[in-house]
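> Residue numbers (my numbering): 999 to 1167.
Glycine is no exception: its CB is placed at the ideal position from the N, C-alpha and C atoms.
Keep in mind it's a predicted model, so treat the numbers as computed, not measured.
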């Protein structure tokens, strides 16, 4: 079965995906979380169900706890934003990497390539990543609204049904 056939089969079997959005920030709250709201809106407009949403501090234990909880509650996709840079407090990559059983290195590579076209060499500062934890896909995006839009519109949403289908079949 080729790529197009996979996409068609996936679209038929994963029409509405249960998703979670996790914002990781020491400064944002639910009231000021533009990026998290943007992810929720994009998922909903694409026909998926956002069944969990939270904002947590950039603390590895809190991040891991929330991801484990969301996965245990049946979320097939968890999209995080924030904490993917190289500042001292940025710990999303390390926290999520401990959970991933399969990594999707192409996601981070493509994200940085697309970011480079928009922001130049500063794209190398992003540690955007993705992978599989159990039967749950996890995507880690930077916290900036532009980065979220890029990741959602150019990478995640176009392949989401196909990716979920691959993890559950």
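Indicate whether residue 1100 and residue 1015 have their beta-carbon atoms separated by less than 8 angstroms.
Going by C-beta atoms, residue 1100 is not nearer than 8 angstroms to residue 1015.
> Where do the ends of the beta strand (DSSP E) carrying residue 1117 lie?
It is not in any beta strand (DSSP E) - residue 1117 instead sits in the alpha helix (DSSP H) that spans 1103 to 1117.
> Please report the straight-line C-alpha distance between residue 1061 and residue 1020, rounded to a whole angstrom.
Roughly 8 angstroms between the two C-alpha positions.
> So the alpha helix (DSSP H) residue 1132 belongs to, where does it begin and stop?
Careful: residue 1132 lies outside any alpha helix (DSSP H) and carries neither H nor E.
> What residue does the beta strand (DSSP E) around residue 1022 start on, and which one ends it?
1016 to 1022
> Kindly give me the distance between the Cβ atoms of residue 1053 and residue 1034, rounded to whole angstroms, as I take these residues to be in contact under 8 angstroms.
7 angstroms
> Fully enclosed by the segment 1029 to 1090, which beta strand (DSSP E) runs are 3 residues long or longer?
1047 to 1054, 1075 to 1079
> With a threshold of 16 other CB atoms inside 10 Å of the CB of residue 1126, please say whether the residue is buried or exposed.
So residue 1126 counts as buried.
> When burial is assigned at 16 or more other CB atoms within 10 Å of the CB, is residue 1079 buried or exposed?
buried
> Name the DSSP beta bridge partners of residue 1096, please?
Answer is none; residue 1096 lacks a bridge partner.
> Rounded to whole angstroms, what is the Cα-Cα separation between residue 1064 and residue 1161?
22 angstroms
> Measuring CA to CA, which of 1121, 1058, 1076, 1049 is closest to residue 1133?
With distances taken between Cα atoms, residue 1133 lies closest to 1076.
> Please state whether DSSP places residue 1027 in a helix, a strand or coil.
coil
> Per the contact definition of three or more C-beta pairs closer than 8 angstroms, is the segment 1151 to 1158 in contact with the segment 1086 to 1094?
Too few Cβ pairs lie closer than 8 angstroms, so no.
> Residue 1155 lies in the alpha helix (DSSP H); which residues open and close that run?
DSSP places residue 1155 inside the alpha helix (DSSP H), whose first and last residues are 1155 to 1166.
> In terms of residue numbering, what span does the alpha helix (DSSP H) encompassing residue 1140 cover?
Taken as a continuous stretch (DSSP letters only), residue 1140 belongs to no alpha helix (DSSP H), as it is neither H nor E.
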